[in-house]
Amino acid sequence: MKQLKYPLMVVLLAVGALLLYSEQKQHNANALAQQGKNIFRFDTFGDQDFWGGTLQLHKAIEGAAHGGVGPGVSPVTALSVGLKVDQDALPQALVKQIQAGKVNLNDPATTLALLKLNAVVGLTGFFNSDGSLKTIGIQCALCHSTVDNAFAPGIGHRLDGWANRDLNVGAIIGLAPNLQPVADVLGVDVPTVQKVISSWGPGKFDAELFMDGQGFRPDGKTAAVLIPPAFGLAGVNLHTFTGWGSVPYWNAFVANLEMHGKGTFFDPRLDDASRFPVAAKNHFGHVTNADDQITSKLGPLQFYQLSLPAPAPPKNSFNHEAAARGKALFNGSAQCSTCHVPPLMTEPGWNMHTASDVCIDDFQASRAPDDRYRTTPLNGLWTHTKGGFYHDGRFPTLLAVVDHYNSCKNLGLSAGDESDIVEYLKSLPEQDRDADHDRDHDGDRD
Ligand code: HEC
Ligand code: HEC
Numbered sequence: 002m003k004q005l006k007y008p009l010m011v012v013l014l015a016v017g018a019l020l021l022y023s024e025q026k027q028h029n030a031n032a033l034a035q036q037g038k039n040i041f042r043f044d045t046f047g048d049q050d051f052w053g054g055t056l057q058l059h060k061a062i063e064g065a066a067h068g069g070v071g072p073g074v075s076p077v078t079a080l081s082v083g084l085k086v087d088q089d090a091l092p093q094a095l096v097k098q099i100q101a102g103k104v105n106l107n108d109p110a111t112t113l114a115l116l117k118l119n120a121v122v123g124l125t126g127f128f129n130s131d132g133s134l135k136t137i138g139i140q141c142a143l144c145h146s147t148v149d150n151a152f153a154p155g156i157g158h159r160l161d162g163w164a165n166r167d168l169n170v171g172a173i174i175g176l177a178p179n180l181q182p183v184a185d186v187l188g189v190d191v192p193t194v195q196k197v198i199s200s201w202g203p204g205k206f207d208a209e210l211f212m213d214g215q216g217f218r219p220d221g222k223t224a225a226v227l228i229p230p231a232f233g234l235a236g237v238n239l240h241t242f243t244g245w246g247s248v249p250y251w252n253a254f255v256a257n258l259e260m261h262g263k264g265t266f267f268d269p270r271l272d273d274a275s276r277f278p279v280a281a282k283n284h285f286g287h288v289t290n291a292d293d294q295i296t297s298k299l300g301p302l303q304f305y306q307l308s309l310p311a312p313a314p315p316k317n318s319f320n321h322e323a324a325a326r327g328k329a330l331f332n333g334s335a336q337c338s339t340c341h342v343p344p345l346m347t348e349p350g351w352n353m354h355t356a357s358d359v360c361i362d363d364f365q366a367s368r369a370p371d372d373r374y375r376t377t378p379l380n381g382l383w384t385h386t387k388g389g390f391y392h393d394g395r396f397p398t399l400l401a402v403v404d405h406y407n408s409c410k411n412l413g414l415s416a417g418d419e420s421d422i423v424e425y426l427k428s429l430p431e432q433d434r435d436a437d438h439d440r441d442h443d444g445d446r447d
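Heads up, the sequence shown is in the working numbering, so the first residue is 2 and it goes up one at a time.
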């Protein structure tokens with residue numbers, strides 16, 4: 002008996018340790034996701050020293066009446082440039098006052114009150130002890146979150162990962178009283194900066210501008226690209242329209258080089274002065290900061306992004322029979338699945354193509370190290386129909402995209418086939434595939 006007891010205890014101990022370990026893993030996963038969510042929504046990485054400190058953007062927001070400059074930014078103005086208000090950050094009393102029409106939405110003071118409540122999605126105000134605005138910083142959520150308009154247009158519950166296609170980034174940056182530092186980096190004058198950023202329009206931004214200094218395409222149109230969603234990316238290898246790197250690569254790139262947070266960033270590819278003159282001159286491939294507020298956050302930030310599923314489309318937003326026919330075409334004669342491999346909807350592996358593979362010009366591809374376009378993962382297309390499709394929105398509708406492939410690849414699709422494929426695209430991500438996964442229709446809103 003004694004001999005038996007000992008091994009039994011070892012087994013029990015081992016089982017116990019395993020259970021504890023798996024519980025720890027679950028706990029770790031939850032904690033990482035929660036940390037990542039807070040970073041995605043609220044972390045400025047110290048970038049307020051740039052947006053407020055250097056560009057003085059907060060002065061334009063508060064306006065002359067509150068110690069800043071100009072008319073200030075009222076909530077009405079803020080909503081008109083696509084900024085969103087998080088309804089869940091508003092105290093019930095304020096919600097009632099707004100409903101009763103007792104809040105002046107044309108007064109910049111109201112914007113300051115909303116900033117104090119941390120209710121403006123993607124913007125954080127830092128306040129002096131006397132209540133005046135000291136500086137302002139931006140977050141990932143500025144461009145990669147929107148709201149569901151549950152309260153009013155532009156005011157609702159947060160939808161993390163959704164592309165904000167209303168957001169006019171150029172108009173917002175253009176408000177900044179001091180654009181000279183941006184002009185200096187680009188080696189141009191301030192009116193040129195204004196001309197470039199005001200050409201972006203809603204839903205677009207140009208991260209590559211600060212690498213190569215190209216504000217416009219050869220045809221004279223803006224070189225900016227659409228803001229993509231930041232959900233549905235788990236399993237996807239390369240990211241951005243031109244495949245700059247992985248999710249943590251790009252997160253580090255953006256936080257350091259675009260948001261101007263304080264961190265560390267390495268990419269010697271940016272030392273190539275013939276391709277990336279601005280980046281090479283400013284040593285963007287070799288960023289160091291004694292006070293690194295980014296690197297420790299890359300893990301949780303990536304984890305959170307990968308945990309965001311592409312949201313399912315509303316049930317009656319597409320024709321189910323047509324979508325089923327479209328699916329067969331997509332995986333069959335239309336050859337879409339040779340690149341958009343279900344259920345990932347991009348290639349597992351190296352998901353990159355030359356411009357001629359998809360019958361378009363190579364302007365944007367040539368602005369990135371690999372000279373290629375990344376196969377866009379198609380899940381959740383229904384959330385970002387505004388602004389068009391392909392990196393620059395050149396195709397106004399999904400039908401225009403399918404029609405493009407039809408002629409590009411000589412697919413011989415009939416008009417009916419094309420519209421069936423469109424219904425399939427509207428239905429993504431497919432629902433029956435893993436019904437046991439509880440898909441969140443509205444993104445992450447707690
Ligand atoms: C000013 C708007 C803006 C902000 C702020 C911003 N992004 Fe982006 N993001 C973009 C744009 C535009 C692209 C497309 C870039 C390209 O292809 O040139 C992009 C691309 C991405 C992608 C690639 C998506 C894909 O389809 O592969 C990820 C991931 C991403 N951003 C995450 C983040 C994170 C995390 C932050 C905060 C650290 C952030 N972004 C901040 C505008 C923004
Ligand atoms: C050779 C590989 C390849 C094939 C085949 C292909 N695609 Fe694509 N697809 C891409 C690439 C690369 C992009 C990104 C283009 C860009 O952004 O400029 C893309 C983008 C798209 C987009 C735009 C997504 C967005 O968010 O803007 C849609 C929609 C799409 N493809 C649908 C299809 C359909 C439908 C088919 C079949 C008729 C198909 N694709 C065939 C590679 C491919």
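Positions of the beta carbon are idealized from the N, C-alpha and C atoms, including for glycine.
* By a C-beta neighbour count over all protein chains shown, 10 Å radius and 16 as the cutoff for buried, is LYS60 buried or exposed? -> buried
* Asked: Do you know how far the Cα of GLU424 is from the Cα of ASN320?
  -> About 6 Å.
* To do: Taking PHE217 as part of the alpha helix (DSSP H), name the residues at either end of that continuous run.
  => Segment: none, PHE217 is in no alpha helix (DSSP H) and carries neither H nor E.
* To do: For LYS387, collect the residues of the same chain with a Cβ closer than 6 Å to its Cβ; drop the 5 residues on either side in sequence, then sort them by chain order.
  => ARG166.
* To do: Could you pull the start and end residues of the beta strand (DSSP E) that LYS135 belongs to?
  => 134–139
* List the whole-angstrom C-beta distance separating GLY286 from LEU271, where the pair is believed to meet the contact cut-off of C-beta under 8 Å. => 3 Å
* Could you spell out where the alpha helix (DSSP H) holding THR78 opens and where it closes? => Note, THR78: alpha helix (DSSP H), 76–81.
* Given 8 Å as the limit, is there contact between the segment 273–280 and the segment 318–332, that is, 3 or more CB pairs closer than that? -> no
* Asked: For VAL191, which three-state DSSP category applies?
  -> helix
* **Own chain residues within Cβ distance below 8 Å of ASP190, not counting five before or after** => ALA184.
* Asked: What first and last residue would you give for the alpha helix (DSSP H) that runs through THR112?
  -> 109–117
* **Validate contact between the segment 126–137 and the segment 196–213 using beta carbons, cut 8 Å, 3 pairs** => no
* Measuring CA to CA, which of GLY71, GLY350 and ARG326 is closest to ASP421? -> ARG326
* Asked: Taking DSSP as the reference, what is the three-state secondary structure of ASP441?
  -> Unreliable placement is indicated for ASP441, whose pLDDT of 46 sits below 50; no coordinate value is reported for it.
* Asked: DSSP beta-bridge partners for ARG375?
  -> MET353
* In this structure, does DSSP put LEU302 in helix, strand or coil? -> helix
* Asked: For ALA323, does the three-state DSSP call read helix, strand or coil?
  -> helix
* Helix, strand or coil for VAL279 per DSSP? -> helix
* Is any heavy atom in ligand 2 found nearer than 6 Å to the beta carbon of ILE99? -> no
* **Continuous beta strand (DSSP E) stretch holding ASP161: start and end** => 159–161
* Asked: DSSP state of LYS263, grouped into three classes?
  -> coil
* Are any of the Cβ atoms in chain C nearer than 7 Å to that of GLY83? -> Given the protein chain composition of this structure (a single chain), no chain C is represented.
* Backbone secondary structure at LEU14 - three-state DSSP -> LEU14: helix per DSSP, three-state reduction.
* To do: With a 10 Å radius around its C-beta and 16 neighbouring C-beta atoms as the bar for buried, classify LEU19 as buried or exposed.
  => That one is exposed.
* Asked: So, using beta-carbon positions, are LEU168 and GLY83 closer together than 7 Å?
  -> yes
* Going by the CB atoms, is the gap between LYS97 and VAL148 shorter than 7 Å? -> no
* Asked: Under a Cβ-count criterion, where at least 16 other Cβ atoms within 10 Å of its own Cβ denotes burial, should CYS360 be classed as buried or exposed?
  -> exposed
* **THR347 and THR384 closer than 7 Å at C-beta** => no
* **Cutoff 8 Å; reference ASP292; Cβ partners in own chain excluding five residues on either side** => These residues qualify, in order along the chain: GLY47 and LYS263.
* Asked: CA-CA distance, GLY233 and LEU187?
  -> 34 Å
* Asked: Is the closest heavy atom of ligand 1 to the C-beta of PHE390 under 6 Å?
  -> no
* For LYS205, does the three-state DSSP call read helix, strand or coil? -> strand
* To do: Compute the Euclidean distance between the alpha carbons of VAL194 and GLY204, then round it to the nearest angstrom.
  => 18 Å
* Taking 7 Å as the cut-off, decide whether the C-beta atoms of LEU106 and VAL74 are in contact. => Contact flag unset, no.
* Short check: CB of PRO109 to CB of ALA164, under 7 Å? -> no
* **C-beta contact flag for LEU143 and GLY123 at 7 Å** => Taking 7 Å as the cut-off, the beta carbon of LEU143 is found closer than this to the beta carbon of GLY123.
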